[in-house]
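K.L.:
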Amino acid sequence: MKELGFTENNFDLIINSPGRINIIGEHTDYNNGFVLPTAIDRKIQFKLKKNDTLKTCNVYSNNFNTSFSFELDKVKKSEQQWENFILGVVYEIQQLSNKLEGFDCVLESDIPIGSGVSSSAALECGLAYGLNELFNIGLSKLVIVELSQRAEHNYVGTKCGIMDQFASVMSKKDHVILLDCQSLDYEFVPFKVEPYKILLLNTNVSHNLASGEYNIRRSQCEEGVKIIQKKYAAVNSLRDVSMEMLNEFKNELSPVVFNRCTYVIEEKTRVLNSVEALKNNKLDLLGEYMYETHSGLQHLYEVSCPELDFLVDFSKKYNEVIGARVMGGGFGGCTINLIHKDAINGFVEEISEAYFKNFNIKLTAFEAMPSEGTTINK
Ligand code: GLA
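Quick note on this note's numbering: the sequence shown kicks off at 1 and runs consecutively.
(1) How many Å lie between Ser371 and Asn98 at the Cα?
(2) Report yes if the C-beta distance between Val225 and Leu238 is below 8 Å; otherwise report no.
(3) Would you check whether ligand 1 has a heavy atom nearer than 7 Å to the C-beta of Asp180?
(4) If we count Cβ pairs, one from each stretch, closer than 8 Å, do we get three or more for the region 279–289 versus the region 301–310?
(5) For the alpha helix (DSSP H) holding Lys141, just list the boundary residues, first then last.
(6) Tell me the DSSP secondary structure of Glu349 in three-state form.
(7) When you get a sec, list the residues whose CB is within less than 6 Å of any heavy atom of ligand 1, chain order please.
(8) Please state whether DSSP places Leu100 in a helix, a strand or coil.
(9) Roughly how far, in whole angstroms, is the beta-carbon of Leu363 from the beta-carbon of Ile351, given that I think they are within contact range, below 8 Å?
(10) Which runs of the beta strand (DSSP E) at least 3 residues long sit entirely within the region 69–130? Give them in chain order.
(11) Does the distance from the CB of Gly373 to the CB of Met170 come in under 8 Å?
(12) Measure the beta-carbon distance from His294 to Val312 and round it to whole angstroms, keeping in mind my assumption that it falls under 8 Å.
(13) Please work out which residues of its chain come closer than 7 Å, Cβ to Cβ, to Ala128, disregarding the five sequence neighbours upstream and downstream, and give them in chain order.
(14) Mind listing, in chain order, the continuous alpha helix (DSSP H) runs of no fewer than 4 residues lying wholly within the region 227–285?
(15) If you follow the alpha helix (DSSP H) that Ser315 is part of, which residue opens it and which one closes it?
(16) Please look up how many angstroms separate the CB atoms of Asp41 and Val35, rounded, as I've assumed it's under 8 Å.
(17) State the DSSP-derived secondary structure class of Leu48, mapped to helix, strand or coil.
(18) Closer than 7 Å by C-beta to Asn31: which residues in its own chain qualify, once you throw out the five before and the five after it? Chain order, please.
(19) Could you give the distance in angstroms between the alpha-carbon of Asp73 and the alpha-carbon of Lys230?
(20) Could you check if Asp185 is buried or exposed, using at least 16 other CB atoms within 10 Å of its CB as the buried criterion?
(21) For the pair the region 53–67 and the region 253–263, tell me if three or more CB-CB distances fall below 8 Å.
(22) Considering only C-alpha positions, which residue in the set Tyr91, Phe64, Leu107 is nearest to Pro18?
(23) Can you tell me which of the three DSSP states Glu26 falls into?
(24) Let's test the definition: count the other Cβ atoms within 10 Å of the Cβ of His27 and tell me whether it reaches 16, buried, or not, exposed.
(25) Between Ile14 and Lys49, what straight-line distance do the alpha-carbon atoms span, to the nearest angstrom?
(26) Could you give the first and the last residue of the continuous alpha helix (DSSP H) run that contains Ala365?
(27) Using the Cα positions of Glu267 and Met327, report the straight-line distance between them to the nearest angstrom.
(28) Identify the continuous beta strand (DSSP E) that holds Phe166 and give its terminal residues.
(29) Determine the contact status of Gly346 and Thr203, defining contact as a CB-CB distance below 8 Å.
(30) Answer yes or no: do Ala121 and Arg218 have a C-beta to C-beta separation smaller than 8 Å?
(31) Considering only the alpha carbon of each residue, which of Met369, Tyr214, Asn377 lies closest to Asp174?
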């Protein structure tokens, strides 16, 4: 840190950029469906300052105890994947504005990495938000969200949807966002689930397949749409496809593509039903939908893994857990559990022990509170 010339208090700006949870609506965002995410009380903090150079940028990560520097006129992909989140955002801002100048940035995070709570979106959006403020660029929140998503596509290589970036920036404390990923219309829904709470169980595995398999799922959905379009020209995405329509193509689609599409179409309806259940305080029903989502992700979309399935199955033995499923892209990371607050300690103890016995891996558990999106401390 010394080498970057920082002293503790000379930052121009501090940004808090949160991770996110998603109650339901997985792998629906890039299919133009609905999602129900919100930011959580885990964040990356960015300390930023102009460094009075025209083009030299220095970034330091407290967590990794590492730094890197680059020049604004020579931004290109790095061999170090974490640097690409930063470089990608800078590149995308440069496509929209010429106001960037040299800056120093220190990062500190309490979001577990590779756990399905989107430390990536927090990193992209926090930097985009901070640079926008620091250099008075004038980008709207939605533009910050979209450019951060493009950074992930173009520099990191995951063809993600818009959910994570949207949730990280736009969330409102104590609410979840019902986001229509086609129109980007959204509604804040109060997250009133007393006496239940959101508990995340981190498998502490993140299978390397994740990014490649994610892009494969996306293209399998597109493959399905292409075939359906031959008869239904107005169909643009799986958003426009019903199960009746899909069934007409059962013989033309490969079984794998058929399963992927089935999951997405069912999940689209499940999100809307879940929002009704939440609004009407039918929490048991909301929990059942979460279990149904897990089953779809396990058997039809095939983005689960033995560790996640174990945690979800184990939770079914407890009446106090009313819903559980894999959250985020899959292949590891966290399960999200809706659990009675009085049962949390006992449940965590028993499931941690059972998990360790089975996989020889330590489980980590933490509660997540629906929180405000990106905030600035000046
Ligand atoms: C990742 C992506 C999101 C979304 C989820 C799955 O978190 O970044 O866009 O597709 O997976 O729902």
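Beta carbons: idealized from backbone N, C-alpha and C, even for Gly. Quick caveat, the model's predicted, so the values are computed rather than measured.
P.N.:
Quick answer:
(1) By one-based count along the sequence shown, residue 371 stands at place 371. By one-based count along the sequence shown, residue 98 stands at place 98. About 33 Å.
(2) Here residue 225 is taken as the residue at index 225 of the sequence shown, counted from 1. Here residue 238 is taken as the residue at index 238 of the sequence shown, counted from 1. Cβ atoms of Val225 and Leu238: closer than 8 Å.
(3) Along the sequence shown, one-based indexing puts residue 180 at 180. Not under cutoff, so the answer is no.
(4) no
(5) Here residue 141 refers to the residue found at position 141 of the sequence shown. 141–151 is the span of the alpha helix (DSSP H), which, as asked, contains Lys141.
(6) Here residue 349 is taken as the residue at index 349 of the sequence shown, counted from 1. Three-state DSSP puts Glu349 in a helix.
(7) Glu26, His27, Asp29, Tyr30, Ser118, Cys160, Gly161, Met163, Asp164, Gly328, Gly329
(8) Your numbering for residue 100 matches position 100 in the sequence shown. Annotated three-state conformation of Leu100 is coil, per DSSP.
(9) As a first step, residue 363 is located in the sequence shown; it is residue number 363 there, counting from the start. As a first step, residue 351 is located in the sequence shown; it is residue number 351 there, counting from the start. Confirmed, about 7 Å.
(10) 103–109
(11) Against the sequence shown, residue 373 aligns to sequence position 373. Against the sequence shown, residue 170 aligns to sequence position 170. Yes. Within cutoff.
(12) Position 294 of the sequence shown holds residue 294. Position 312 of the sequence shown holds residue 312. 5 Å between Cβ atoms; contact.
(13) Counting from 1 along the sequence shown, the entry for residue 128 is found at position 128. So the qualifying residues of the chain are Val89, Ile93, Ile144, Leu147, Ser148.
(14) Inside the region 227–285, DSSP marks whole alpha helix (DSSP H) runs of 4 or more residues at positions 243–248, 255–279, from first to last along the chain.
(15) The residue labelled residue 315 in the question sits at position 315 within the sequence shown. Element bounds for Ser315: 306–315.
(16) Taking the sequence shown and counting its residues from 1, one reaches residue 41 at position 41. Taking the sequence shown and counting its residues from 1, one reaches residue 35 at position 35. Actually they are not in contact, since the Cβ atoms of Asp41 and Val35 sit about 20 Å apart, beyond 8 Å.
(17) Within the sequence shown, numbered from 1, the residue matching residue 48 stands at position 48. Secondary structure at Leu48: strand, using DSSP grouped into helix, strand and coil.
(18) Position 31 of the sequence shown holds residue 31. Cβ neighbours of Asn31 within its own chain (closer than 7 Å, five residues either side excluded): Cys221, Ser237, Leu238, Arg239, Val264.
(19) Walking along the sequence shown from the start, residue 73 turns up at place 73. Walking along the sequence shown from the start, residue 230 turns up at place 230. Approximately 46 Å, taken between the alpha carbons.
(20) In the sequence shown, the residue the question calls residue 185 occupies position 185. Exposed, by the Cβ-count rule.
(21) no
(22) For the purposes of this step, residue 18 is taken as the residue at position 18 of the sequence shown. The option with the nearest alpha carbon to Pro18 is Leu107.
(23) Along the sequence shown, one-based indexing puts residue 26 at 26. If DSSP states are grouped into helix, strand and coil, Glu26 belongs with coil.
(24) Here residue 27 is taken as the residue at index 27 of the sequence shown, counted from 1. Classification of His27: buried, given that the 10 Å Cβ count is 16 or more.
(25) Position 14 of the sequence shown holds residue 14. Position 49 of the sequence shown holds residue 49. Taking the straight line joining both Cα atoms gives about 9 Å.
(26) For this step, residue 365 is matched to residue 365 along the sequence shown. It is not in any alpha helix (DSSP H) - Ala365 instead sits in the beta strand (DSSP E) that spans 364–367.
(27) In the sequence shown, counting from the first residue as 1, residue 267 sits at position 267. In the sequence shown, counting from the first residue as 1, residue 327 sits at position 327. Taking the straight line joining both Cα atoms gives about 13 Å.
(28) To locate residue 166, count along the sequence shown from 1; it is residue 166. Not the beta strand (DSSP E): Phe166 falls in the alpha helix (DSSP H), residues 163–170.
(29) Within the sequence shown, residue 346 is the residue found at index 346, counting from 1. Within the sequence shown, residue 203 is the residue found at index 203, counting from 1. No.
(30) Walking along the sequence shown from the start, residue 121 turns up at place 121. Walking along the sequence shown from the start, residue 218 turns up at place 218. Taking 8 Å as the Cβ cut-off, Ala121 and Arg218 do not qualify as a contacting pair.
(31) Working through the sequence shown from its first residue, we reach residue 174 at position 174. Nearest of Met369, Tyr214, Asn377 to Asp174, Cα basis: Met369.
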